[in-house]
Structures are given as structure tokens and as C-alpha cells.
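If you read the sequence shown in this note's numbering, its first letter stands for residue 2, the second for the next number, and so on.
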Amino acid sequence: MGSNSQNFFQIALLVIFGVMAVVGVIAIAMNKNINEDDEFTVPVVIWGPPLEDRAMIRVLNDLKKDNDSFDNVSYVEKNPNTIYGDLLEAIATGNSPDLVLMNSSGLLPLRNKLYPISFETLPLQNFYDTYVEGGDVFVLSDGIYALPLFVDPLVLYWNRDIFTKTAIAQVPQDWDTFVQLVPRLSTIVGGSELIQSGIAFGEYDNVLHAKEILSALIMQTGVSIVIEHNNKFITDIFSVDERVEKPDLALRFYTSFSNPVKTVYSWNKTFDRSREAFAANKVAMYAGFVSEESVLAEINPNLNFGMAPFPQSNNTHKSVTYGKFYGIAVLKASKNPQVALAIARILSDAGVSKLLANYAGLPSARRDVLTEVNSTDPFGHTKTQSAIMSRAWLEPAPQSAVNDIFSRAINGIVSGTLTPGNAMSQSAADLTVLLTPYNNRP
């Protein structure tokens, strides 16, 4: 990082502490007064996806109540499917926002458009002590590209009525127990017709989040999928020889649930999409994100479901699930980068982070906030535990190409045209091709 960027963030750091002292980041959480003479005198625009209960807009409105200078800070909700393309267009036309609330999957495509916070400004040890381990996805060799706000973890939803009817008292916590229960939770008639599924695993096209589920399984073997090594982005799928499990076992395990000759056979292409099938009481367990809690209740208000942590490998002491990490990042094209960084630090403070997470119905990415489980949330403990063990990986663009890699691997194994080993090797090669443009960075 050049000296100009370092000087910028050193100056911004002074602004941050000055602003935080006056704006009273903790005004909401600690009921402290704010000096009305201190204010943001320039407009700051934040882009981001729509959040549950308009969480970010509500937080900004709360801040405005304590300091009307926040009237200059606005949040613009953008379509998550087009936000990065819209952002690049806005930058090109000189209409860039100042900040973006971004999913970690957008880090590589946006990297050249973001200001990295130097390690002098925010020491790595401080970052690691503040945020859960999965937040490290925003940390690259030249700085911290976003401050983590909250995480949407992959969890296991389960149908209470089906479990009760089958006389199963507990949700499986590990894969050994999981594979023992799936046959009991699945119903096959006529020797081959599957009318009730134990788990929506095994296919790609009608399994929502198949990529993320498989990512979690792969990362449970000890693989990060994509890493930064010597200032290059590479896949580590086959870069380590000595590990407890091989990544291709994750593919073999996942696709076994759609194989009619396997005892765990519980899914095929005749089912509706997994989330809708679960909401219709046709699936006992569904791997989905915490954010889908309200969606499931909306699809079927009478659905009697629970939420549990994503099951873990029996062969490792490290707990891992996939998580969508959301962080606040400063854009290089911002007209007010110092104030933008100050706002980012305010939004990532413990008091505001807690409020934002509560409004959004998602766990905070801050360790100190996660020490307090929301006692009014029946799934609060699961959300907290899942946030702590969530991980993400650096995805190249376009997302459709990454999806195709996972689709080809899964469909190839299901159709019998690929072995798990061949599918994983091909996936690694395809990922390497997609990562190439990010390794030619000036």
C-alpha cells in the first residue's frame, strides 16, 4: 500500500476517535449524551442489501435521534443480485456512494475499488480479538478491507413433528449420528418411491444453497478453498497432503444422499426445491441460513420447526459451518473518505453492532456482543454458536461461474460421469482459471 493511502488512514484514525468521542457511538447502548455542536457536515451515502426489518435504516434513525448530524448519513437499499454491477457503474459515472455493506463473496471483485485499512491503523491482534474468526475473510496481505458487522450462518432446520412421530429426541450434532437417523426419517414406498425425505442433500438443481452446503463440508476437512499465498490467490483444495480427511470425501458424502443404492438415500430430482419441500412437511431436515427463519414462517405459518447448529465431522476438533459475512467498507471513489471511515467505525462499535444485529435478526460478528445470548430468542444460542464457527471463502467473479463449478461437480457424480476425485480436481482447475485475473493486480 502506498504512502498516500497510509497517510489517509492515519489522518482518518484521528478523525475517527474525534468523531466517536462526540457522536457517542454508544449513545444507544449506554444512554450517554451527545454534544450537539459536533456534527457531520458532509453527506455520507451507504449502499447495501435490504435487511430484515430495515435494520440499517432503523439504526441510522436511532443515531439521528441523538445527533441530527446523522441526517447527512443515508442508506440506499440495492438489489443484492445486481449491487456490485450497479456499484461499478456508479463509480464509473462519478456517482459512487461512500460506503458499501458488502457480503464477503464480493471482496475479490471489488478489491481495487476499496480502501484497505492499514495494520498500523487497526493492528491485526486488535482485529482478531474483536471479531469472530470467520471475519478474517476481509483481511488480505495489504490491509483490512471491511469491518465485519454481522454474519448469516448456515444452520440445520428440523421438523419437530416428523422427529416426534419418528420418536427421535435429539437433532444430530455430528455426521455419524446424522447418517444413522436419516433412514429413519425418510419414507420409501413400493421399494423405490421416496415420499418423505430425511435431508435435502445430494443434488444441485433443487437443493437451495448446495454450493454453501458443500463449501461447509469441504471446509470441515481443513481446506479454506481459496487462500492468499505470496500475494497470489490460489485454491488449497489439494495443496496439503497431510490432513484428517480429503476434500473429495465431502463430495462423496454429499452426493450419497441422492444415490438409490445407499442406505442414506433421501433425495432426488422429483422433490420441489428444498426450502419449499421443508415448509410443506416433506423433509425432516433442511440446511438453510439463519435469515430464512422468517421466510419459513411466512411460507407456512403452521410449520413446527427448530433450528440447530450445522452438524460437524467426527474426525476433527474444529467446528466449522459456512457463513455469509457482511462488512462495511470504504470506497476509494468516496468524496468524503475520512468521514466515511469514521462512520464505518461507529457502525462496527459494540453498542451499534448489537443493535444492528438484533434488528436484522442475525448474530453480530463481534466477540464481545456474542458473549450475551439474546434470551428472548428461542434460537439465540444456536445463532451465537453458529456465528462463532462460521467461515467464508474468497469467491472470484462471476458468481454464476462459481455456481457452475459446483453444479458440474455434483451433477457429474450423480450422473456417474465423474468420480468424486475427478470432480474435485476439475473444480480446483476451474477455480484456478477464475482466480487468474486477481493475480495480475498492479
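Where a beta carbon is used, it is the ideal one built from N, C-alpha and C, also for glycine.
Length of the line joining the Cα atoms of Val227 and Leu435: 11 Å
Of the residues Phe234, Pro302, His382, the one placed nearest Leu108, counting alpha carbons only: Phe234
Environment of Ser193 [buried if 16+ CB atoms lie within 10 Å]: exposed
N-terminal and C-terminal residue of the beta strand (DSSP E) that Leu100 is part of: 100-104
Among Tyr439, Asn160, Asp137, nearest to Arg276 - alpha-carbon criterion: Asn160
Beta-carbon proximity of Ala330 to Ala147, cut-off 7 Å: yes
Range of the contiguous alpha helix (DSSP H) that encloses Asp177: 176-186
Cβ distance (whole Å) where Gly199 is taken to contact Ala278 below 8 Å: About 12 Å separates the two Cβ atoms, so there is no contact after all.
Chain C within 7 Å of Gln386, Cβ atoms only: You won't find chain C in this structure, because it holds only one protein chain.
In DSSP terms, what Arg392 is bridged to: Tyr323
According to DSSP, residues forming a beta bridge with Ile228: Ile235
Nearest-angstrom Cα separation, counted from Val321 out to Ile1: An answer regarding residue 1 cannot be provided, because it is not within the stretch 2 to 443 covered by the chain.
Simplified DSSP state of Ile169, which is helix, strand or coil: coil
The region 100-118 / the region 365-375 touching (three or more Cβ pairs under 8 Å): no
Endpoints, the beta strand (DSSP E) within which Ile414 is located: From DSSP, Ile414 is part of no beta strand (DSSP E) but of the alpha helix (DSSP H) over 400-416.
Rounded C-alpha distance that separates Leu89 from Pro110: 10 Å
Close-in-space but distant-in-sequence residues of the same chain around Gly362 (CB under 6 Å, 5 per side omitted): Glu53
Segments assigned beta strand (DSSP E), at least 3 residues, entirely inside the region 263-328: 284-290, 306-310
C-beta contact flag for Val45 and Ile347 at 7 Å: no
Cβ pair count under 8 Å reaching 3, the region 201-214 against the region 406-425: yes
Stretch pair the region 264-273 + the region 421-439: three plus CB contacts closer than 8 Å: no
Identity of the residue in Leu100, Ile92, Ala366, Val340 nearest Glu78 by Cα: Leu100
Check whether Val138 and Phe326 have beta carbons under 7 Å apart: yes
Residue from Ser142, Arg185, Val156 with nearest C-alpha to Ala168: Arg185
For Ala56 and Phe311, the rounded distance between their alpha carbons: 26 Å
Proximity below 7 Å, CB of Ser387 to CB of Val156: yes
CB of Val265 within 7 Å of CB of Val183, strictly: yes
Rounded straight-line distance, which links the Cα of Ile189 to that of Gly352: 51 Å
Backbone secondary structure at Tyr76 - three-state DSSP: strand
Beta-carbon proximity of Ile414 to Thr256, cut-off 7 Å: yes
Coarse secondary structure for Asp143, derived from DSSP in three states: coil
Residues bridged to Leu115 (per DSSP): Leu332
Terminal residues of the beta strand (DSSP E) in which Asp153 lies: 148-160
Arg367 - partner residues in DSSP beta bridges: Tyr132
Pair within 7 Å by beta-carbon distance, Tyr296 and Pro154: The question names Tyr, but residue 296 is Val in the sequence shown. The answer is no: Cβ separation not under 7 Å.
Coil, strand or helix - Leu195 by DSSP: strand
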